[in-house]
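K.L.:
Numbering (the working numbering), first residue to last: 5 to 52.
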Amino acid sequence: MGKGRKPVIKVAAALILHKGKVLMAKRRRDDVQGGLWEFPGGALEPGE
Numbered sequence: 005m006g007k008g009r010k011p012v013i014k015v016a017a018a019l020i021l022h023k024g025k026v027l028m029a030k031r032r033r034d035d036v037q038g039g040l041w042e043f044p045g046g047a048l049e050p051g052e
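1. Compute the Euclidean distance between the alpha carbons of Val15 and Pro50, then round it to the nearest angstrom.
2. With DSSP run on the structure shown, which of helix, strand or coil describes Leu48?
3. Who does Lys30 pair with in a DSSP beta bridge?
4. Quickly, what does DSSP pair Val15 with across the bridge? List them, please.
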């Protein structure tokens with residue numbers, strides 16, 4: 005990677021709505037921003 009260029013990080017997220025409800029996940033207490041709620045998601049592997 006060239007000098008001064010930031011790496012590209014690809015992610016995916018899902019917003020699932022069912023009967024007026026949204027699916028969310030709570031982060032583990034020992035994780036970064038532990039205890040906070042977030043939408044399910046994650047990093048993409050090469051080729052995805």
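Where a beta carbon is used, it is the ideal one built from N, C-alpha and C, also for glycine.
P.N.:
So, from the data block:
1. Numbered from 1 along the sequence shown, position 11 holds the residue referred to as residue 15. Numbered from 1 along the sequence shown, position 46 holds the residue referred to as residue 50. When rounded, the distance between both Cα atoms is 11 Å.
2. Numbered from its first residue, the sequence shown carries residue 48 at position 44. The answer is coil: DSSP assigns Leu48 none of H, G, I, E or B.
3. The count along the sequence shown starts at 1 and reaches residue 30 at position 26. Within the DSSP bridge table, the entry for Lys30 names Trp41 as partners.
4. Position 11 of the sequence shown, counted from the first residue, corresponds to residue 15. Answer by DSSP bridge pairing, in chain order: Ala47.
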